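Some notes on the structure that comes next.
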Amino acid sequence: MYNIALIPGDGIGPEVIREGKRIIDFASELNNVQINWVEFPFGAEHYLKKGELLPDSVLEEIKGMDAIYLGAVGDPQVKPGILEKEILLKIRFSLDQYINLRPIRLLQGIESPLRNKTFKNINFYVVRENTEDFYIGTGSSFKGKEYHSDHVIKRNLFQSNIQIDFQLDGEEEIGYQLGLLTRKGSDRIIRYAFELAEKKGLSKVSTVDKANVLSDMYGLWRRVFKDVSRDFPDISTDYYYVDAMTMLMVTNPERFQIVVTPNMFGDIITDLGAAIQGGIGIAASANINPEGISMFEPIHGSAPDIKNQGKANPIAAILAGAMMLDSLGETKIASTIENVTQEVLKEGKIKPIEFGGKASTSEIGDGIIKKLKKLLN
Ligand code: ATP
Numbered sequence: 004m005y006n007i008a009l010i011p012g013d014g015i016g017p018e019v020i021r022e023g024k025r026i027i028d029f030a031s032e033l034n035n036v037q038i039n040w041v042e043f044p045f046g047a048e049h050y051l052k053k054g055e056l057l058p059d060s061v062l063e064e065i066k067g068m069d070a071i072y073l074g075a076v077g078d079p080q081v082k083p084g085i086l087e088k089e090i091l092l093k094i095r096f097s098l099d100q101y102i103n104l105r106p107i108r109l110l111q112g113i114e115s116p117l118r119n120k121t122f123k124n125i126n127f128y129v130v131r132e133n134t135e136d137f138y139i140g141t142g143s144s145f146k147g148k149e150y151h152s153d154h155v156i157k158r159n160l161f162q163s164n165i166q167i168d169f170q171l172d173g174e175e176e177i178g179y180q181l182g183l184l185t186r187k188g189s190d191r192i193i194r195y196a197f198e199l200a201e202k203k204g205l206s207k208v209s210t211v212d213k214a215n216v217l218s219d220m221y222g223l224w225r226r227v228f229k230d231v232s233r234d235f236p237d238i239s240t241d242y243y244y245v246d247a248m249t250m251l252m253v254t255n256p257e258r259f260q261i262v263v264t265p266n267m268f269g270d271i272i273t274d275l276g277a278a279i280q281g282g283i284g285i286a287a288s289a290n291i292n293p294e295g296i297s298m299f300e301p302i303h304g305s306a307p308d309i310k311n312q313g314k315a316n317p318i319a320a321i322l323a324g325a326m327m328l329d330s331l332g333e334t335k336i337a338s339t340i341e342n343v344t345q346e347v348l349k350e351g352k353i354k355p356i357e358f359g360g361k362a363s364t365s366e367i368g369d370g371i372i373k374k375l376k377k378l379l380n
């Protein structure tokens, strides 16, 4: 039995999570696995009603569970940044979910905007570092005359004492954001990428960075990549700069198996990945701490424009659920859900509204359950 924290969230979050949950339940029961869902109301609606975001006590409670299954949080009535920072980033940072895993896979039955590319050409993983780089939260913008002691950064960042003093004159204005990588932070994510290659029977790991121009930070990343690769002699490696990567993802996506990349480039290329795999409604994602609690979610947001209309495609949420089962060690149930979802799309009778079809959110869920039932007979 697994205890799963369920956060359906806002907008289409609850609609897609409903389908994911019932498919996970159904497939798990087939395999005598029980899921105990513990539902939490956090998101925009709860915040607007109760003024509560994500209390520390709940975070503590979640630490005793097996995983988190999340829909989406966000609402136009809440200022951008609040929910992201106080719910999503709070979970990610306090549970040290240092891996963002994004399968980029074109399913059969889905058309890629890339002409002539099929499921045979687009099938790789992006492993994005999730805690460092330009996301460490150290930055400011100010004019010289506003200068005061806050603009001297004195921080213990990752055990190192850093002090930078930005002294400006009068009307001069700057904005800065510090990016930072540590050997430890780079080592653990790169190692995970190589281990993932071994686990999935893949033969190559590629690094994506910008070690030519931003050579201090990403030069460190490359050195660590080289060091770690020596521990995996059977896995080959290659190196790409992020600008070249964006071209190759469009022209030669078949070149990639596992791509490991620092936080910011990962942010950018995973959206490109979602586009080439056919759309936002099928892209799933995991925020992983292999030694702790991980969180699984569709990459899309709350999409308030299509809320409560039955138009949301639940496939991303369903596949995020399969990733959750896989990470819990229930690989058989995970692959059953993936295969059945793939079969349903390939058949083409059930086509999501997102792709010009007629199937509503629950009809897509029904179609998958129906196929799962057939497996019983
Ligand atoms: P948020 O602020 O929570 O990120 P958003 O609306 O700005 O929400 P997304 O929800 O990620 O951003 O998506 C942008 C658009 O893509 C939506 O407005 C919606 O039309 C479409 N979309 C997103 N997810 C789905 C889905 N699962 N099925 C169908 N269409 C979707």
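Per the working numbering, the sequence shown starts with residue 4, numbered consecutively. Glycine included, C-beta positions come from ideal geometry on N, C-alpha and C. Computed from a prediction, not measured in an experiment: that's the story for all the values here.
From the listed residues Val36, Ile261 and Met250, the smallest Cα separation to Asp241 is found for Ile261. Looking at the backbone, the Cα of Lys187 and that of Phe228 are separated by about 12 Å. It is roughly 10 Å from the alpha-carbon of Phe259 to the alpha-carbon of Ile107.
Taken from the Cβ of His303, at least one heavy atom of the ligand ATP lies inside 7 Å. At least one heavy atom of the ligand ATP lies closer than 7 Å to the C-beta of Pro307. For the 8 Å CB-CB criterion, Ala289 and Leu117 do not form a contact. If you check the C-beta of Glu357 against the ligand ATP, you find a heavy atom less than 7 Å away.
Between Ile279 and Ile71, the C-beta gap is not smaller than 8 Å, which leaves the two residues out of contact. Glu346 and Gly281 have their C-alpha atoms spaced approximately 16 Å apart. With a contact defined as Cβ atoms closer than 8 Å, Gly54 and Pro17 miss out at about 21 Å.
DSSP links Gln180 through a beta bridge to Gly142.
Gly178 counts as exposed, since fewer than 16 other beta carbons sit within 10 angstroms of its beta carbon. Going by DSSP, Asp274 is part of no beta strand (DSSP E) but of the alpha helix (DSSP H) stretching over Asn266 to Ile279.
Distances from the alpha-carbon of Ser305 to those of Gly77, Leu62 and Lys123 put Gly77 closest. Counting the other CB atoms within 10 Å of its CB gives Gln100 a total of 16 or more, which places it among the buried residues.
The straight-line gap separating the alpha-carbon atoms of Ser239 and Gly204 is approximately 13 Å. Three or more Cβ pairs drawn from the region 359 to 379 and the region 6 to 22 lie within less than 8 Å of each other, which places the two stretches in contact. In this structure Pro301 is in contact with Ala320, their Cβ atoms being roughly 5 Å apart against a cut-off of 8 Å. One thing to note: Val129 has its Cβ within 8 Å of the Cβ of Thr273.
Going by beta carbons, Asn292 and Leu171 fall outside the 8 Å limit. By alpha-carbon distance to Ser143, the top candidate from Leu181, Ser31 and Ser206 is Leu181. A distance of 8 Å or more separates the beta carbons of Val208 and Val245.
Taking C-beta atoms as the reference points, Asp212 and Phe268 count as a pair closer than 8 Å.
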